[in-house]
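A quick write-up on the structure given underneath.
Residue numbers (the working numbering), protein chains in the order written: chain A, -11 to 226; chain B, 26 to 242.
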């Protein structure tokens, strides 16, 4: 016993020896019977929903409501719609909590998602505002600067913005596309879009539903879900 | 006895009234002298007012999500920093006016100062590739110091904040073409965002905001 205690490495080997032998035998049997290795599986299609603001950061104000509540409600609604379409969703927050901007990007990057949507709402402007990072496209590399990591994915982000734009246009909504610098989005290593829901305007420029209107939010969520289904189809194509 | 007492009181009050009259007269004379002295030191020449010039403002419009060029005539000082502050003050006056298409309270006093510095070079710009492009010799970096009150009252939203930032950048570049980079401070300190969205930590390229007719940010 003393000899074993003085040589723990050898002791472990001795204890593990039966297991190694069994595994070797099983492996050789499995190797003899195994069919040819299948092709690499398609990466899981995951969507990250980032409900902007939260906690003491209320964002904009809509009468007696705050932007943080609207974005969270939108995130919950959208998660349900995507779950019904068998699309896995990762959310950055599920409650009224203040999540650091860097933490939001960390969550999105760990999810290895194919679409990252940062949800916002505003009282100014009209229709749906889609924003892609204003970073210049950059080649992907193993080491990327945190603040400009989105540069390697900005081309895909623009493609995702195009799909969303089509879906909103199909739903009869007014869309504005833009490029901007948002700290959380600029650090995401996935196709990332900031979606800002502004009041709906009719064709006659009369003010329509406000961003806190439940029916309007539902139509926006439906359009986003339809766009993500289309995006998944495109992502799965070889 | 009582009559004598009354006489003494009467005489005392009379003397006090006379003394107070003398003091009041003297105070009046002193005030008059001070007034005359003040008139002597009053300016005899009107202060010089800068001549009115045409300034180009890039005014944000929330309804059309765009910047529209507007020409305004206003007195502009010769000093570039003061000139930049005057132009931006006029821009923010437009936003604070009733019925503005991009309503932002605060007005011209929201620009605490504008500092013009040499544009940062490629080595100083580091990873910011966009800033490197505008760092040629002769170009300038404008540091716009906003007041905390302006930032606190600015409407929240990605688009409305970006329109404010881009209109400031574009207006600076339109009137001072050497200004190619713009940075923002709030009460002299760096700040993460304008009102929760637009990044105020980065260097903006002024030329990117200048449209020909109107631009979507």
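Heads up, the beta-carbon is just placed ideally off N, CA and C, and yes, glycines get one too.
All values reported here derive from a predicted model rather than from experimental measurement.
Indicate the three-state DSSP secondary structure (helix, strand or coil) for residue i in the structure shown.
{"i": "residue 232/B", "result": "helix"}
{"i": "residue 214/B", "result": "strand"}
{"i": "residue 123/B", "result": "coil"}
{"i": "residue 184/A", "result": "strand"}
{"i": "residue 20/A", "result": "For residue 20/A, the predicted model reports a pLDDT of 42, less than 50, meaning its position is unreliable; a value from the coordinates is still stated below. Of the three classes helix, strand and coil, the one that applies to residue 20/A here is helix, per DSSP."}
{"i": "residue 222/B", "result": "coil"}
{"i": "residue 139/A", "result": "helix"}
{"i": "residue 75/A", "result": "coil"}
{"i": "residue 169/A", "result": "coil"}
{"i": "residue 253/A", "result": "Missing from the structure shown is residue 253/A; chain A here goes from -11 to 226 and no further."}
{"i": "residue 105/B", "result": "helix"}
{"i": "residue 80/A", "result": "coil"}
{"i": "residue 189/A", "result": "strand"}
{"i": "residue 212/A", "result": "helix"}
{"i": "residue 223/A", "result": "helix"}
{"i": "residue 156/A", "result": "helix"}
{"i": "residue 200/A", "result": "coil"}
Excluding the five sequence neighbours on either side, which residues of its own chain have a C-beta within less than 7 Å of the C-beta of residue i, listed in chain order?
{"i": "residue 63/A", "result": "37, 39, 79 and 107"}
{"i": "residue 87/A", "result": "42, 80 and 81"}
{"i": "residue 171/A", "result": "89"}
{"i": "residue 226/B", "result": "215 and 217"}
What is the rounded straight-line gap between the Cα of residue i and the Cα of residue j?
{"i": "residue 52/A", "j": "residue 58/A", "result": "11 Å"}
{"i": "residue 186/A", "j": "residue 110/A", "result": "5 Å"}
{"i": "residue 210/A", "j": "residue 116/B", "result": "40 Å"}
{"i": "residue 122/A", "j": "residue 74/B", "result": "42 Å"}
{"i": "residue 112/A", "j": "residue 187/B", "result": "12 Å"}
{"i": "residue 76/A", "j": "residue 35/A", "result": "6 Å"}
{"i": "residue 84/A", "j": "residue 95/B", "result": "43 Å"}
{"i": "residue 137/A", "j": "residue 101/B", "result": "43 Å"}
{"i": "residue 120/B", "j": "residue 171/B", "result": "15 Å"}
{"i": "residue 127/B", "j": "residue 183/B", "result": "13 Å"}
Tell me whether residue i counts as near the ligand NAP, meaning its Cβ is closer than 7 Å to at least one heavy atom of that ligand.
{"i": "residue 59/B", "result": "The model on display carries no ligand, and the ligand NAP is accordingly not part of it."}
Could you check whether the Cβ of residue i sits closer than 8 Å to any Cβ belonging to chain D?
{"i": "residue 87/B", "result": "Included in the structure are the protein chains A and B, with no chain D among them."}
Identify the residues that DSSP records as bridge partners of residue i: which are they?
{"i": "residue 175/A", "result": "Residue 175/A pairs with nothing; no bridge assigned."}
{"i": "residue 143/B", "result": "165/B"}
{"i": "residue 100/B", "result": "77/B"}
{"i": "residue 114/B", "result": "Note: residue 114/B sits in no beta bridge, so no partner."}
I'd like the list of long-range same chain contacts for residue i, defined as Cβ closer than 6 Å, with 5 residues on each side in sequence excluded.
{"i": "residue 134/A", "result": "175"}
{"i": "residue 102/A", "result": "33 and 223"}
{"i": "residue 89/B", "result": "none"}
{"i": "residue 165/B", "result": "141, 144, 203 and 204"}
Excluding sequence positions up to five away, which residues of its chain have a Cβ less than 8 Å from the Cβ of residue i?
{"i": "residue 199/A", "result": "50, 58, 109, 110, 111, 185, 186, 187 and 205"}
Jot down the residue ranges of each uninterrupted beta strand (DSSP E) in the segment 33 to 96 of chain B, minimum 3 residues, whole runs only, in chain order.
77 to 86
Note down, one range per segment and in chain order, each beta strand (DSSP E) of at least 3 residues found wholly within the segment 166 to 207 of chain B.
Runs of the beta strand (DSSP E) inside the segment 166 to 207 of chain B: none found.
Going along the chain, which unbroken runs of the beta strand (DSSP E) with 3 or more residues stay wholly within the segment 90 to 128 of chain A?
103 to 109 and 116 to 121
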